[in-house]
Amino acid sequence: MTDELWQAARERVPWVRALDSDRDARLRALAARFLHEKTVTPIGELTLDDAQRVCLAALCCLPLLEFGAEGLRGWSQLIVYPDAFRVNRTHVDAAGVLHEWEDELIGEAWESGPVILSWADIVADCEDPGAGFCVAAHEMAHKIDALDGALDGTPPLPRPWQREWARDFQAAYDALGAQVDHGRDTAIDGYAAEAPEEFFAVVTEYHFSDPRTLREQMPQIAAHLERFYGPSPFA
Ligand SMILES: [Zn+2]
């Protein structure tokens with residue numbers, strides 16, 4: 002990766018621009034490895050030049066600054082839609098009835114398949130980086146979560162830490178779920194209460210995008226994520 006391309010990523014991606022030189026160098030090495038290992042496939046009318054690909058790689062590797070390149074294991078394709086995309090869902094219920102519906106998504110991570118992102122939402126995240134959203138970090142959190150074979154909101158961790166993590170995340174997830182169930186407005190996006198794995202992915206977005214709100218609302222979760230991801234670039 003040339004200096005010019007990395008410089009372009011620094012200019013366009015606020016999280017990259019905010020890193021100190023040590024973490025900048027580590028992210029650059031991870032992003033280079035990402036582009037070497039992954040196929041980036043734009044869909045439809047979308048085209049992606051080298052600078053845009055470097056931006057995507059840098060965003061996807063941000064959550065790996067401490068965890069390392071191990072977090073890239075097990076998948077090979079990043080698919081990028083121009084904008085939010087529709088997916089068909091099916092579910093067979095307990096009575097054997099097939100339900101089908103359409104979801105509109107801005108990102109998706111298959112357990113052992115591709116990561117899918119909406120380019121328009123990547124751009125929107127970079128234009129308003131403090132708003133609490135970072136779809137690339139959200140989907141990568143799912144990928145890291147799935148590395149131990151269970152998509153459950155707990156990434157691979159040393160044993161003692163894993164116990165603390167599971168206890169603290171369960172408590173915070175339950176508390177948020179109770180607030181959502183009571184119809185209260187929550188400072189953390191209520192989507193986090195959908196499932197433990199969504200909770201982990203959503204608080205990951207806050208760690209990178211709005212660490213102050215996360216620290217105020219969920220200090221123990223903020224502390225775990227600071228240890229896992231390193232300090233937020235916006236801390
Ligand atoms: Zn998710």
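Quick note: the sequence shown uses the working numbering, first residue 2, plus one each step. Quick reminder that beta carbons are idealized off the backbone N, C-alpha and C, glycines included. As the structure is a computational prediction, the values presented were derived from the model and not from experiment.
Fill in: Backbone CA spacing between Glu5 and Gly72 [nearest angstrom]
Position 4 of the sequence shown, counted from the first residue, corresponds to residue 5. Position 71 of the sequence shown, counted from the first residue, corresponds to residue 72. Approximately 26 Å between the Cα atoms of the pair.
Practice prompt. Assign Ser210 to buried or exposed, taking buried as 16 or more other Cβ atoms, counted over all protein chains shown, within 10 Å of its Cβ.
Written response: As a working note, residue 210 is residue 209 in the sequence shown. Its Cβ being crowded by 16 or more others within 10 Å, Ser210 is buried.
Worksheet item: ligand 1: which residues have Cβ under 6 Å from any of its heavy atoms, chain order?
Response: His139, His143, Glu199 and Ala202
Worksheet item: With burial defined as no fewer than 16 other Cβ atoms inside 10 Å of the residue's Cβ, what is the status of Glu57: buried or exposed?
Response: As a position in the sequence shown, residue 57 is number 56, starting the count at 1. Checking the sequence shown, residue 57 turns out to be Leu, not Glu. Buried, since its Cβ has 16 or more Cβ neighbours within 10 Å.
Worksheet entry | Gly133 versus Ile189: straight-line alpha-carbon distance, rounded | Locating residue 133 in the sequence shown gives position 132, counting from the first residue. Locating residue 189 in the sequence shown gives position 188, counting from the first residue. One C-alpha to the other measures close to 9 Å.
Worksheet item: Is the beta carbon of Leu118 sitting closer than 8 Å to the one on Ala147?
Response: Sequence index remark: in the sequence shown, residue 118 carries index 117 (1-based). Sequence index remark: in the sequence shown, residue 147 carries index 146 (1-based). Not a contact, by the Cβ cut-off of 8 Å.
Item to complete: Let me know the secondary structure DSSP gives Trp102 once reduced to three states.
Response: Taking the sequence shown and counting its residues from 1, the one referred to as residue 102 is at position 101. Three-state result, Trp102: strand.
Practice prompt. Please determine if the region 200–208 and the region 163–182 are in contact, where contact requires at least 3 C-beta pairs separated by less than 8 Å.
Written response: yes
Worksheet item: In whole angstroms, what separates the C-alpha of Ser22 from that of Gly231?
Response: As a position in the sequence shown, residue 22 is number 21, starting the count at 1. As a position in the sequence shown, residue 231 is number 230, starting the count at 1. When rounded, the distance between both Cα atoms is 14 Å.
Practice prompt. Taking all protein chains shown into account, decide if Trp16 is buried (16 or more other Cβ within 10 angstroms of its Cβ) or exposed.
Written response: By one-based count along the sequence shown, residue 16 stands at place 15. Buried, since its Cβ has 16 or more Cβ neighbours within 10 Å.
Worksheet item: How do the region 76–87 and the region 47–57 stand: do at least 3 beta-carbon pairs fall below 8 Å, yes or no?
Response: yes
Worksheet entry | Val55 to Val88 span [Cα, whole Å] | Position 54 of the sequence shown, counted from the first residue, corresponds to residue 55. Position 87 of the sequence shown, counted from the first residue, corresponds to residue 88. The alpha-carbon atoms of Val55 and Val88 are separated by roughly 27 Å.
Practice prompt. Name, in chain order, the residues that DSSP records as bridge partners for Val17.
Written response: What you label residue 17 is simply residue 16 of the sequence shown in a count that begins at 1. Partner(s): none; Val17 has no beta bridge.
Discussion item. Can you check which of these residues, Ile145, Glu103 and Pro43, is closest to Cys62 by C-alpha distance?
Written reply: As a position in the sequence shown, residue 62 is number 61, starting the count at 1. Closest option to Cys62, Cα to Cα, is Ile145.
Worksheet item: What are the boundary residues of the beta strand (DSSP E) that includes Thr40?
Response: As a first step, residue 40 must be located in the sequence shown, where it is residue number 39. Start and end: Thr40 to Pro43.
Worksheet entry | Residue of Arg213, Glu128, Arg185 and Ala59 minimising C-alpha distance to Ala236 | Looking up residue 236 in the sequence shown gives position 235. For Ala236, the nearest C-alpha among the options comes from Arg213.
Discussion item. Using the Cβ count rule (16 or more neighbours within 10 Å means buried), how would you classify Ser233?
Written reply: Within the sequence shown, residue 233 is the residue found at index 232, counting from 1. Ser233 comes out buried.
Practice prompt. Return helix, strand or coil for Phe86, following the three-state DSSP convention.
Written response: In the sequence shown, counting from the first residue as 1, residue 86 sits at position 85. It is a strand residue.
Worksheet item: Since Gly108 and Glu140 are thought to touch, with beta carbons under 8 Å apart, how far apart are those beta carbons, to the nearest angstrom?
Response: Sequence index remark: in the sequence shown, residue 108 carries index 107 (1-based). Sequence index remark: in the sequence shown, residue 140 carries index 139 (1-based). Yes, Gly108 and Glu140 are in contact; Cβ-Cβ is about 5 Å, under 8 Å.
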